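Asks:
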Amino acid sequence: MAARTVTIPPPAADPGVFPARRVLVAACGSADVLTLPQSILVLRHALGLDVRVVLTPAAARFVPARSFSLLTGHPALVDEEGDGEVPHLALTGWADLVLVLPATANTLAKAALGIADNLVGTCLLAAAAPVVLVPSMNQAMWERPAVRRNVARLREDGYLVVEPVPVLALSTGTRAGRGMPPIEVVLEQAAAHLRAAGASRG
Ligand SMILES: Cc1cc2nc3c(=O)[nH]c(=O)nc-3n(C[C@H](O)[C@H](O)[C@H](O)COP(=O)(O)O)c2cc1C
335 MAARTVTIPP
345 PAADPGVFPA
355 RRVLVAACGS
365 ADVLTLPQSI
375 LVLRHALGLD
385 VRVVLTPAAA
395 RFVPARSFSL
405 LTGHPALVDE
415 EGDGEVPHLA
425 LTGWADLVLV
435 LPATANTLAK
445 AALGIADNLV
455 GTCLLAAAAP
465 VVLVPSMNQA
475 MWERPAVRRN
485 VARLREDGYL
495 VVEPVPVLAL
505 STGTRAGRGM
515 PPIEVVLEQA
525 AAHLRAAGAS
535 RG
């Protein structure tokens, strides 16, 4: 007998619970991207959000884009692929929150300078929606003056940069990591940022 698959639709998003419906996740090449599928399940199936994913080439070396296509039900992109609409314009026009999860030191630096040499960088520059960056890196990187300067610049520019917490570093198994807080904590901070951005827009 042929196997049957049953699709369970995600719950409808409730703006009283989370003040965004369409989330563009921009994934970077931190080992923490290995945990992103679990966070996407929470966004989609606990909160009922519509989620699309773009990846840096480094992120796609950890987890293939196709995995995120399966998890979100939308094509996950690394490049400006396709010959119809322009991906960075279509995606940033669609999103009402951009979540850089995880954010590497490299992408933080590029975002601080406005460098757009890949799809993630271009989406960050083109985004009209609030942008939340969730860094993950080892402690030495996080404390490096260049990274401190970039984070300060990003905060001055109006980005929410979530403060990382001590974690077991996935790539080394040591406690030298400064990683993403649990996704529930990230979402709480993102919700506050969205509400503040909405209030300041009137
Ligand atoms: C196994 C491995 C783990 C890495 N983990 C991190 C990390 O947690 N944080 C970070 O900032 N960079 C990390 N890097 C370095 C980034 O992959 C590298 O800087 C890359 O150029 C980032 O590109 P992106 O910002 O375009 O994704 C790691 C590299 C490797 C090989």
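Numbering (the numbering used here), first residue to last: 335 to 536.
Using N, Cα and C, we set each Cβ at its ideal position, and we do this for glycine too.
What you are looking at is a predicted structure, and each value in this text was computed from that prediction instead of being measured.
#1: Take the Cβ of residue 506 as the centre, count every other Cβ of all protein chains shown within 10 Å, and call the residue buried at 16 or more, exposed below.
#2: Applying the criterion that 16 or more other CB atoms from any shown protein chain within 10 Å of the CB defines a buried residue, is residue 509 buried or exposed?
#3: What residues in its chain sit with their C-beta under 7 Å from that of residue 422, if we drop five residues either side in the sequence?
#4: I'd like to check one pair, residue 408 with residue 378: are the Cβ atoms closer than 8 Å?
#5: Measure the Cβ-Cβ separation of residue 400 and residue 363 and say whether it is below 8 Å.
#6: Helix, strand or coil for residue 391 per DSSP?
#7: Between the Cα of residue 435 and the Cα atoms of 348, 374, 425, which residue gives the shortest distance?
#8: Between the alpha carbons of residue 442 and residue 348, how many angstroms are there, rounded?
#9: Any idea which residues DSSP pairs residue 471 with across the strands?
#10: Which residue marks the beginning of the beta strand (DSSP E) containing residue 356, and which one marks its end?
#11: When a residue counts only if its C-beta is closer than 5 Å to some heavy atom of ligand 1, which residues count, in chain order?
#12: Could you tell me the alpha carbon to alpha carbon distance between residue 462 and residue 503, rounded to whole angstroms?
#13: The alpha helix (DSSP H) spanning residue 411 covers which residue range?
#14: For the alpha helix (DSSP H) containing residue 437, name the first residue and the last one.
#15: Going by the beta-carbon positions, is the gap between residue 525 and residue 402 smaller than 8 Å?
#16: Is it right to say residue 483 is buried, meaning 16 or more other beta carbons lie within 10 angstroms of its own, or is it exposed?
#17: To which residues does DSSP link residue 501 through a beta bridge?
#18: My assumption, with CB atoms under 8 Å, is that residue 498 sits in contact with residue 470. Please give the rounded CB distance.
Replies: With the given structure in hand:
#1: exposed
#2: That one is exposed.
#3: 414, 453, 456, 457, 460
#4: no
#5: no
#6: Assigned with DSSP and collapsed to three states, residue 391 falls in helix.
#7: That would be 374, whose Cα lies nearest to the Cα of residue 435.
#8: 31 Å
#9: 512
#10: 356–361
#11: Applying a distance threshold of 5 Å between residue Cβ atoms and the heavy atoms of ligand 1 selects 362, 363, 364, 365, 390, 392, 438, 439, 440, 441, 470, 471, 505, given in chain order.
#12: 33 Å
#13: Taken as a continuous stretch (DSSP letters only), residue 411 belongs to no alpha helix (DSSP H), as it is neither H nor E.
#14: Here residue 437 belongs to no alpha helix (DSSP H); instead the beta strand (DSSP E) covers 431–437.
#15: Result no, Cβ atoms of residue 525 and residue 402 do not sit closer than 8 Å.
#16: By the neighbour-count rule (16 or more Cβ atoms within 10 Å), residue 483 is not buried but exposed.
#17: 511
#18: 6 Å
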